[in-house]
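Here the structure comes first, spelled out in structure tokens, and everything after it is commentary.
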Amino acid sequence: MITYDEIKNIEADFGAPFYLLNEELFIKNFDDITRAFESRYDKFILAYSYKTNYIPYLCNIIRKKGGYAEVVARLEYDLALKIGQEPRKIIFNGPVKHYEDIKFALDNQSVVNLDSQPEVEYVSEYAETYPDKRVEVGVRVNINLSDDKGVSRIQNNLQVGRFGFSTEKDDMAELVRCLGKNSNVVVNSLHGHTSTSDRSVWCYKSITETLCNIAAEYWPDTVEYINIGGGIYGYIPPKFRWDEVPTFDDYAEAVCTVLNNNAWAGKHKPYLVLEPGIAMAATALSYVTKVISVKRIRGGVFVTVDGSAFHAKPTLHKHNMPYEVINRIDTEDTETYSVVGSTCVEKDYLLTEITDKKVVAGDYIKINNVGAYTVVLTPPLINVAPAVVVKQGRDYKLARRRQRPEDMFSDYIFEENV
Numbered sequence: 014m015i016t017y018d019e020i021k022n023i024e025a026d027f028g029a030p031f032y033l034l035n036e037e038l039f040i041k042n043f044d045d046i047t048r049a050f051e052s053r054y055d056k057f058i059l060a061y062s063y064k065t066n067y068i069p070y071l072c073n074i075i076r077k078k079g080g081y082a083e084v085v086a087r088l089e090y091d092l093a094l095k096i097g098q099e100p101r102k103i104i105f106n107g108p109v110k111h112y113e114d115i116k117f118a119l120d121n122q123s124v125v126n127l128d129s130q131p132e133v134e135y136v137s138e139y140a141e142t143y144p145d146k147r148v149e150v151g152v153r154v155n156i157n158l159s160d161d162k163g164v165s166r167i168q169n170n171l172q173v174g175r176f177g178f179s180t181e182k183d184d185m186a187e188l189v190r191c192l193g194k195n196s197n198v199v200v201n202s203l204h205g206h207t208s209t210s211d212r213s214v215w216c217y218k219s220i221t222e223t224l225c226n227i228a229a230e231y232w233p234d235t236v237e238y239i240n241i242g243g244g245i246y247g248y249i250p251p252k253f254r255w256d257e258v259p260t261f262d263d264y265a266e267a268v269c270t271v272l273n274n275n276a277w278a279g280k281h282k283p284y285l286v287l288e289p290g291i292a293m294a295a296t297a298l299s300y301v302t303k304v305i306s307v308k309r310i311r312g313g314v315f316v317t318v319d320g321s322a323f324h325a326k327p328t329l330h331k332h333n334m335p336y337e338v339i340n341r342i343d344t345e346d347t348e349t350y351s352v353v354g355s356t357c358v359e360k361d362y363l364l365t366e367i368t369d370k371k372v373v374a375g376d377y378i379k380i381n382n383v384g385a386y387t388v389v390l391t392p393p394l395i396n397v398a399p400a401v402v403v404k405q406g407r408d409y410k411l412a413r414r415r416q417r418p419e420d421m422f423s424d425y426i427f428e429e430n431v
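Basically the numbering used here = 1-based index in the sequence shown + 13.
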């Protein structure tokens with residue numbers, strides 16, 4: 014529990030608003046996920062999704078814990094190398110990989126999961142250039158997640174996802190033919206990440222079953238990795254849940270039961286790869302913002318802070334995140350109010366219609382579970398990007414300094430009027 018005085022001191026040193034990084038919670042998520050899956054299936058790999066939150070401080074924890082890096086662009090791949098991640102422990106996904114990217118990753122013996130026909134052609138070109146080299150690549154599989162009632166569980170209830178290769182017989186046969194044109198190309202990984210509408214256990218069970226069946230039918234002797242992607246729920250306090258939230262054990266039980274009962278998996282014992290992002294990062298970051306004013310307008314109460322929803326929930330979703338009110342002088346008086354941001358955007362709401370302790374200018378509000386996609390999606394809209402502060406013992410240090418105006422405008426071309 015952070016105190017008012019601690020926040021005041023952090024603000025004095027690093028500015029406000031700011032993100033507060035909880036290293037212990039991040040490590041706990043890694044350990045809890047790993048324990049849930051390894052206790053049921055011993056060949057397990059946790060590959061952290063860099064795109065969810067690529068603060069180097071967090072990525073380096075994964076490296077030290079022996080985890081893999083899951084990257085979707087050369088930007089993230091280069092970051093993984095910069096912090097010392099072993100190239101063999103980098104999984105390169107994403108829908109747009111150029112020839113130079115694929116060549117670089119294959120030269121480094123990273124796991125490369127192909128997503129499109131141009132990438133297949135790049136691999137063929139690479140294999141022809143190095144005919145004596147065993148070229149190991151993966152395939153991203155387009156998963157059908159329609160249930161027995163025909164309801165799609167893909168994000169936004171889309172009927173068909175846009176990533177990976179179709180599992181239709183003719184399409185798979187053509188893919189096998191194209192990859193088989195070069196005898197030195199070997200498919201060693203199947204990747205099935207699919208953004209789902211509900212993150213349900215059923216979705217991950219279906220993904221695992223599909224990948225095992227594809228492996229058994231098309232590449233039974235070469236697939237070493239069954240990669241079910243990420244997107245699983247992390248911990249959300251019960252009173253803030255807007256949906257059913259499975260536990261790590263719930264996911265692990267469903268997925269590992271499939272692997273343990275599948276004939277092909279039982280014979281070949283592939284590695285099970287999970288690429289958690291939200292489940293790892295969400296609880297690891299909080300956002301601390303200061304109350305600037307309290308307005309009462311036609312029955313509504315608006316607490317304006319120096320931060321913004323673009324920092325705490327940049328997609329501007331309607332859910333209230335877990336939060337804490339931290340008063341300079343504690344009070345038992347309560348009030349119903351909305352916490353609104355410092356931008357000129359009308360819908361800049363950090364919290365909507367909460368009933369909690371009254372606040373006055375100078376108090377603080379700490380919004381929790383903001384580690385997923387906030388840092389990477391924060392726009393340069395009106396405010397600079399906040400500092401990221403991590404507690405070490407009794408002290409606090411920077412994991413990222415507060416952005417400066419000169420940082421924001423350094424890439425622009427300024428020309429003097431003549």
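C-beta: ideal position from N, C-alpha, C; glycine also.
Check whether A294 and L71 have beta carbons under 8 Å apart: On the sequence shown, position 281 is the one that residue 294 refers to. On the sequence shown, position 58 is the one that residue 71 refers to. In this structure, L71 lies closer than 8 Å to A294 by Cβ.
Report yes or no: do the region 290 to 307 and the region 29 to 38 share at least 3 C-beta pairs separated by less than 8 Å? yes
Please classify P399 as buried or exposed, where buried requires at least 16 other C-beta atoms within 10 Å of its C-beta. For the purposes of this step, residue 399 is taken as residue 386 along the sequence shown, with counting starting at 1. So P399 counts as buried.
Beta-carbon separation of L390 and P327 under 8 Å? Within the sequence shown, residue 390 is the residue found at index 377, counting from 1. Within the sequence shown, residue 327 is the residue found at index 314, counting from 1. Cβ distance < 8 Å, so L390 and P327 count as in contact.
N-terminal and C-terminal residue of the beta strand (DSSP E) that V268 is part of: For the purposes of this step, residue 268 is taken as residue 255 along the sequence shown, with counting starting at 1. It is not in any beta strand (DSSP E) - V268 instead sits in the alpha helix (DSSP H) that spans F261 to N274.
Close-in-space but distant-in-sequence residues of the same chain around D184 (CB under 7 Å, 5 per side omitted): By one-based count along the sequence shown, residue 184 stands at place 171. Cβ neighbours of D184 beyond the five flanking positions: F178.
Close-in-space but distant-in-sequence residues of the same chain around L119 (CB under 7 Å, 5 per side omitted): The count along the sequence shown starts at 1 and reaches residue 119 at position 106. Answer for L119: V125, Y139 and V148, listed in chain order.
Going by alpha carbons, who is nearest to Y135 out of N195, G247, K182 and R414? Walking along the sequence shown from the start, residue 135 turns up at place 122. Cα-wise, what sits closest to Y135 is N195.
Bounding residues of the beta strand (DSSP E) (the contiguous stretch that carries I104): Residue 104 sits at position 91 when you count from the first residue of the sequence shown. Per DSSP, I104 belongs to the beta strand (DSSP E) from I103 to F105.
R341, enclosing alpha helix (DSSP H) - first and last residue: On the sequence shown, position 328 is the one that residue 341 refers to. Note, R341: premise wrong, no alpha helix (DSSP H); not H, not E.
Comparing the CB of L285 with every heavy atom of the ligand GDP, is any distance shorter than 7 Å? Absence of the ligand GDP is noted for the structure shown, with no ligands found whatsoever.
For D128 and G107, the rounded distance between their alpha carbons: Here the question's residue 107 lines up with position 94 in the sequence shown. Here the question's residue 128 lines up with position 115 in the sequence shown. Their Cα atoms are separated by approximately 7 Å.
Could you give the DSSP three-state label for H204: helix, strand or coil? Taking the sequence shown and counting its residues from 1, one reaches residue 204 at position 191. H204: strand per DSSP, three-state reduction.
Work out the CA separation of D26 and I380 for me, nearest whole Å. Your numbering for residue 380 matches position 367 in the sequence shown. Your numbering for residue 26 matches position 13 in the sequence shown. About 20 Å.
Outcome for L287 when other beta-carbon atoms lying within 10 angstroms are tallied against a minimum of 16: Taking the sequence shown and counting its residues from 1, one reaches residue 287 at position 274. Buried, because 16 or more other Cβ atoms sit within 10 Å of the Cβ of L287.
Closest Cα partner of S208 within the set R175, N201 and K371: One-based indexing of the sequence shown puts residue 208 at position 195. The residue with the shortest Cα to Cα distance from S208 is R175.
Which two residues bound the contiguous alpha helix (DSSP H) that contains R175? Residue 175 sits at position 162 when you count from the first residue of the sequence shown. In the DSSP assignment, R175 falls outside any alpha helix (DSSP H) and carries neither an H nor an E.
Quick one: is Q98 buried, meaning 16 or more other Cβ sit within 10 Å of its Cβ, or exposed? In the sequence shown, the residue the question calls residue 98 occupies position 85. The residue in question, Q98, is buried, as its Cβ has 16 or more Cβ neighbours within 10 Å.
Considering only the alpha carbon of each residue, which of K371, G242 and A229 lies closest to D81? On the sequence shown, residue 81 is found 68 positions in, with the first residue counted as 1. Contrary to the premise, residue 81 reads as Tyr rather than Asp in this sequence. Nearest of K371, G242 and A229 to Y81, Cα basis: G242.
Short check: CB of S202 to CB of N240, under 8 Å? Locating residue 202 in the sequence shown gives position 189, counting from the first residue. Locating residue 240 in the sequence shown gives position 227, counting from the first residue. Cβ atoms of S202 and N240: closer than 8 Å.
Going by C-alpha to C-alpha distance, which of S159, K146 and Q168 sits closest to V198? Here residue 198 refers to the residue found at position 185 of the sequence shown. Nearest C-alpha to V198: K146.
Under 6 Å Cβ to Cβ from W232, same chain only, skipping five residues before and after it: list those, please. On the sequence shown, position 219 is the one that residue 232 refers to. Within the same chain, W232 has close Cβ partners V200.
Can you list, in chain order, the residues of its chain whose CB lies under 6 Å from that of T47, leaving out five sequence neighbours each side? Here residue 47 is taken as the residue at index 34 of the sequence shown, counted from 1. The answer, listed in chain order, is L59.
Count the other CB atoms within 10 Å of the CB of V164; is the residue buried (16 or more) or exposed (fewer)? Working through the sequence shown from its first residue, we reach residue 164 at position 151. With fewer than 16 other Cβ atoms within 10 Å, it is exposed.
Bridge-paired residues (DSSP) for K379: As a position in the sequence shown, residue 379 is number 366, starting the count at 1. V301 and E337.
What does the alpha-carbon distance come out to for the pair T142 and Q122? Translated into positions along the sequence shown, residue 142 becomes position 129. Translated into positions along the sequence shown, residue 122 becomes position 109. Distance between the alpha carbons of T142 and Q122 is about 16 Å.
Three-way DSSP call (helix, strand, coil) for E83 in this model: Position 70 of the sequence shown, counting from 1, holds the residue named residue 83. Note: E83 maps to strand in three-state DSSP.
For K95 and N73, I'd like the C-alpha separation in whole angstroms. Taking the sequence shown and counting its residues from 1, the one referred to as residue 95 is at position 82. Taking the sequence shown and counting its residues from 1, the one referred to as residue 73 is at position 60. Roughly 10 Å separates the two Cα atoms.
Among the candidates N157, I167, Q168 and H204, whose CA atom is the shortest distance from the CA of E181? Taking the sequence shown and counting its residues from 1, the one referred to as residue 181 is at position 168. Ranking N157, I167, Q168 and H204 by Cα distance to E181 puts N157 first.
Run through DSSP, which three-state label would S355 get? As a first step, residue 355 is located in the sequence shown; it is residue number 342 there, counting from the start. Here S355 sits in coil by DSSP.
Can you grab the Cα-Cα spacing for the pair K252 / Y336, in whole Å? Against the sequence shown, residue 252 aligns to sequence position 239. Against the sequence shown, residue 336 aligns to sequence position 323. Here the C-alpha atom of K252 lies approximately 11 Å from the C-alpha atom of Y336.
Where M334 falls, given that 16 or more other Cβ within 10 Å makes a residue buried: Here the question's residue 334 lines up with position 321 in the sequence shown. Buried.
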